[in-house]
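Encoded as structure tokens, the structure appears first; notes follow it.
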Amino acid sequence: MARKDREEREQEEEEKLFDGPSSIGELYREIAVVKDEFKNEERTLVRRKQHPFVRFCKRIHAMAPSLGKGEALSEQNKKAVEFLGWELNGEELGAAYKFVLIVSFLAAIVIAGIIFLSPAIVVVNLFVGGATFLTPIYILLPLLGMVVFATYYVQNYPLEEARAEQVRALTYVPEILGYMVMSMKLSPNLEKSIEFAAEHGRGKIAEDFKKLLWDVQLGVYSSVAEASDALAYRWGAFSDEFKKALMRIRASVIETTEAKRFALLDQTMDEILESIKNKMEQYARDLNQPTMILFYVGVLLPLILIIILPVGSSFSGAPLANPIVLFAIYNIIIPLVTLWFAFSVISKRPPTYVAPEIKDNFPGLPPKGTMRLGNGFVSIFFVVVVVLIAGSSISFFVSQQGVPPKILYDALGLEEGTPQLLALDKQRTEVLSKAGYQLKYFDIPTGVLYNELIAQGFPVEEAEKRVKSEEQAFFTKPANDITPYNFIFGLLITVSLSVFVYLYYNNIYKRKAQLEIVEMESEFKDSIYILASRMGENKPVEEALKHTMDFLPQFKISKRIFSKTLDNIALLAMPLEQAFFDPNYGSLKNIPSSLISGSVRLLVDSVQLGVNVAARTMIALSIQLDNAEKVANNLKILVSDVTGMMKTMSLFIAPMVLGITTSLQKIVIITLSSIASSNIATELDLSNLDVPGGAGIPNTFSGINVGSFIDPAAVAGMATPTQFVIIVAIYVVELLLIMTYFTTKIEEDNDLLVRINIARFFPISVIIFVLSIIISNILVGGFLA
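Printed below as a string of structure tokens:
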């Protein structure tokens, strides 16, 4: 009976076994995978997210497949697409760039039509003057240039993206190879080392390693060794050192002794670091030329233009020195060119150290939008408003009264003619009266000068031009300059202080917290060795942590991480992983450092394999972190000369030179006005020149009236000193922002530091610009007098 029951049960179990999934799909649904990736019970199979450019190309090809018919990828683009792992063919790319060509061309035609039919055509005509036949060229040429650029950009985007990955690889290659070497020293298993590097590495190389393991499991490659060879040669076109290093690491597996394997692995890391160092040095050398170009475009070009534009405007009749034209050149065109060039240089910078990101809710920070004042907090916006109102009011008061104020002369016991420390801004009525002119001397048509010219027989149009030219020359002279310098300078300093308050106090507290985390990262690198030494003596990790904390009591990492971890283990009975990573009580809860969290994760994982393995892992990690620090510090040292020069240029040289240009503009305008209003002929007796054929030159060329070549209307239409000072002041601010962003990003990719530096440099640059204008005005005034 018992035997019969046993047979029935076996039959039932057999039926259950064969009544299972009847299809491959059902079979896959029965598979249970327990990994971190599926901890949220995600069961759907999702397609890998495509690059936005690839999605754009595919969408355009789906809309208009005929655009890309017959197109094939160029050899360079083909290699780039394979390297990037994009699912993109020639027809899709061809459809995309042809679509951009057509759309951008039509957009250019529409924009040109709008300009022709709108008041904007007046601005364009200012550039061409009387040569209105050049207007279509001035409008269409830049637009067509943008069409060509957009098409070229799309057509070559895969290659540019591959080059960007090549630059990023300068940092990621030694990092991920260091993880491979670390794993290979612990266990000479190529698959485990690739898996370890893929888990802890970053960038495209880590993603390629993950895909490599997936392809091996799917049977795309017969072995990890075969897949690593394919990966090495795919990277070879863009990173030859990575190809050679990967092949050497693979070759270390077949070494007969551990000593030989270690020697080969160490040699591989030394060579990769030396190769990266050489490329970093080349990058630093390549920065010299872009830096000089930025200096020429940002500083020397405006200085040259302030001479060329007025002279060219006077002799050609084109209003090249018109305030609208100068605004377009100084405040739009040159800054945009400089900004584009700076971005192109920054994009080629290898990514090295990633600074910790401090959130608004980080412990210890004041409430968002507030600053500390004594024992309390005050709104930053309120302080900025107070500074703006107070600064503007003081600027206006000083502009009208000077220092000491005129209205306080009686209270201070000063006589009426007592000189002021800071004279009030000159007024138009005051200057005209002092020169002995009537208040309406330059008015049209009721002014004295205008009526005198009409009485002398000048045509109405010519008389108007000469009156405006004389008025421009009169008020440009230093003695008659009615530019409200006190008011403009006061506003500039007020704005710079407002920007300082807003940017500095919105970021300085985060910066201090960031520097504390950076200091802890540096301490962590030192403490790793102590921790590994204790675990190497077969001591538990808890005891090793306590010894490290007692050995380095002055370190912040001992107080904030090690001490908190031990308390969590002892008081809350947490396991090691939870003591570090618990979302509520973990010691790393408020430590936004990927370096520390990643290293601690490595420690926790390796401890599960034994303290000896963990000790060896930590020693290898210490070497890896040292290598990464060498790469980052090497780049910072190499670019320090260039960035130091750029800081000096943006902070001191540029404001100083641009301040001088405001005085040079007066000299140019006064000189041109004097020549235009002069009736003196410069006699050039070419027959007396000791040159072949000089005696045979006709007398009709013996006298040239230089003043006849200068158009008084062009001189009258030039920017006044007030307008030019405002234009240059705006340009100084734009240049400071661009140069500060450039130099900070070249040194360290840290947006928080960019904002801090702008806040610090802004007032200094403005004050130097103001002092430069004051000193140059004094010197030019004495020279012209």
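Take the sequence shown: its letters are residues 242 to 1026, numbered as in our numbering. Glycine included, each C-beta is placed from N, C-alpha and C at the ideal position.
Per DSSP, the unbroken alpha helix (DSSP H) holding L514 starts and ends at E499 to D527.
In the three-state reduction of the DSSP assignment, R296 falls in the helix class, which pools H, G and I. Taking C-beta atoms as the reference points, D666 and F730 fail to come closer than 8 Å. T902 is positioned such that its CB atom lies no closer than 8 Å to that of L673. The C-beta distance from E496 to L505 rounds to 6 Å, short enough to fall under 8 Å.
Within the same chain, K484 come within 7 Å of G477 by CB-CB distance, once the 5 residues on both sides are set aside. Comparing alpha carbon positions, the residue from G354, V388, Y394 and L381 closest to F294 is Y394.
A direct Cα-to-Cα measurement between V880 and K647 gives close to 53 Å. In the three-state reduction of the DSSP assignment, S315 falls in the coil class. Of all C-beta pairs linking the region 326–333 to the region 300–314, three or more are shorter than 8 Å, placing the two stretches in contact. Secondary structure of M897 (DSSP, three-state): helix. Pairing L542 with T912, the inter-Cα distance amounts to about 21 Å.
In this chain, V595 is not harboured by any alpha helix (DSSP H), its DSSP state being neither H nor E. Between the region 1007–1018 and the region 885–905, the count of Cβ pairs shorter than 8 Å is three or higher; the stretches touch. Annotation note: the region 693–781 contains the following uninterrupted alpha helix (DSSP H) runs of length 4 or greater, listed N- to C-terminal: 701–717 and 726–776. Between the beta-carbon of V538 and that of T579 there is about 6 Å, and that keeps the pair under the 8 Å contact cut. E416 is a Cβ neighbour of A869, given a cutoff of 8 Å.
Around the beta-carbon of Q530, fewer than 16 other beta-carbon atoms lie within 10 Å, marking it exposed. DSSP links L663 through a beta bridge to V644. Annotation for T984: the continuous alpha helix (DSSP H) segment containing it runs P962 to E988.
Counting only residues of its own chain and dropping the five nearest sequence neighbours on each side, S904 has a CB closer than 8 Å to the CB of I1014, S1017, N1018, L1020 and V1021. Taking a cut-off of 8 Å for Cβ pairs, the region 833–841 and the region 584–600 touch, as three or more such pairs fall below it. Distance from A714 to I916 at the Cβ level is roughly 10 Å; contact not present, criterion being Cβ atoms closer than 8 Å. Between T981 and V969 the beta-carbon gap is near 18 Å, outside 8 Å, which marks them as no contact. By the Cβ rule, the region 339–349 does not count as touching the region 423–440, because fewer than three pairs are nearer than 8 Å. Looking from the CA of K675, the closest CA among K501, A720 and I380 belongs to A720. Here the alpha carbons of Y571 and K320 stand approximately 42 Å from one another. Buried is the label assigned to L843, since at least 16 other Cβ atoms lie within 10 Å of its Cβ. Assignment of S620 by DSSP, reduced to helix, strand and coil, places it in the strand class. K780 sits away from S863, with the two beta carbons spaced by 8 Å or more. With a 10 Å radius around the Cβ and a threshold of 16 neighbouring Cβ atoms, G851 comes out exposed.
In this structure the region 783–798 lies against the region 758–773, because at least three pairs of beta carbons, one per stretch, are closer than 8 Å.
Between L347 and the set Y413, M387 and N430, the nearest pair of CA atoms involves M387. Following the DSSP letters along the chain, one finds R491 inside the alpha helix (DSSP H) bounded by residues D481 to A492.
Your pair S828 and T858 does not check out as a contact, with CB atoms roughly 20 Å apart and the cut at 8 Å. Annotation for A353: I380, L381 and L384 place their beta carbon closer than 7 Å to its own, counting only its chain and skipping 5 residues before and after.
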